[in-house]
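Numbering (the working numbering), first residue to last: 207 to 340.
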């Protein structure tokens, strides 16, 4: 199967499932990924917003929402969603800095200041754990 055919199949499949079951998270997540991969960022954002409402405590869902906002250049909203993802437990700072979907956000001054604070906080926590073990 050619890539375009595979993309079309995946897109049609998940859109069909979501039409029948609009809040089915297991179909919404891959549908948002397909939309992002195909460059349909507005559609992906709408799905990610819906997922954030359905999965209020899932850090990955909020991380993906931050990515969608970043891809559309909506940097304040992206940073807000990313902060929530980190508060909920998303901890991979290196991944955040390398993720191409967050490329726009990574040049945003408020993001850079926040990231410095988060890194300092993680470093302090790590030192505390080391001292506890000593």
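Cβ coordinates follow ideal geometry from the N, Cα and C atoms, glycine included.
Check, Outcome
"Residue environment, residue 284, which counts as buried when at least 16 other CB atoms sit within 10 Å", "buried"
"Residue 213 versus residue 240: straight-line alpha-carbon distance, rounded", "7 Å"
"Collapsed DSSP secondary structure at residue 294 in the structure displayed", "coil"
"Secondary structure of residue 300, DSSP reduced to three states", "helix"
"Other residues of its chain near residue 271: CB distance less than 6 Å, five sequence neighbours each side excluded", "254, 258 and 287"
"Residue 247 - containing alpha helix (DSSP H), residue span", "247-260"
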